[in-house]
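Visitor:
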Amino acid sequence: MTRLPSVISGGPHAQARPAAAEEQLATVPGGVALHHGLSTAAQGTAVRTLRDATGVLATKVHAAGEPVPEGLPRAFDPLLPLLEV
């Protein structure tokens, strides 16, 4: 099994999360950040944005239950129907 060093940034501090991600991207060569935007979770979707130090690489809106491309985290998929905004 291949290991992927990861950092998970979460919590209620809306300004601190992006700052932590920016610091990681600036200091870890080849690092990427995968953001799960859940502001539309009540409507059954999540917006996943993949970026590196140069900017956004890809953005996609995923519907709850929709298959996720190989290699992208699925951790939040089962939670989407349970989230209330």
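In this text, residue positions in the sequence shown follow our numbering: the first is 2, and each later residue adds one. Glycine included, every Cβ here is placed at the ideal spot set by N, Cα and C.
Ordered along the chain, which non-local residues of its own chain (more than five positions away) have a Cβ less than 6 Å from that of residue 20?
Guide: Same-chain partners within the cutoff: there are none.
Visitor: Can you list, in chain order, the residues of its chain whose CB lies under 7 Å from that of residue 29, leaving out five sequence neighbours each side?
Guide: Excluding sequence neighbours, residue 29 sits near nothing in its chain.
Visitor: How long is the line joining the alpha carbons of residue 111 and residue 22, rounded to whole angstroms?
Guide: Since the first residue of the chain shown is 2 and the last is 86, residue 111 is not available in this structure.
Visitor: For residue 28, name the three-state secondary structure that DSSP assigns.
Guide: Helix at residue 28.
Visitor: Going along the chain, which residues of its own chain have a beta-carbon closer than 7 Å to the beta-carbon of residue 53, five neighbours each way excluded?
Guide: Correct list, in chain order: 26, 32, 33.
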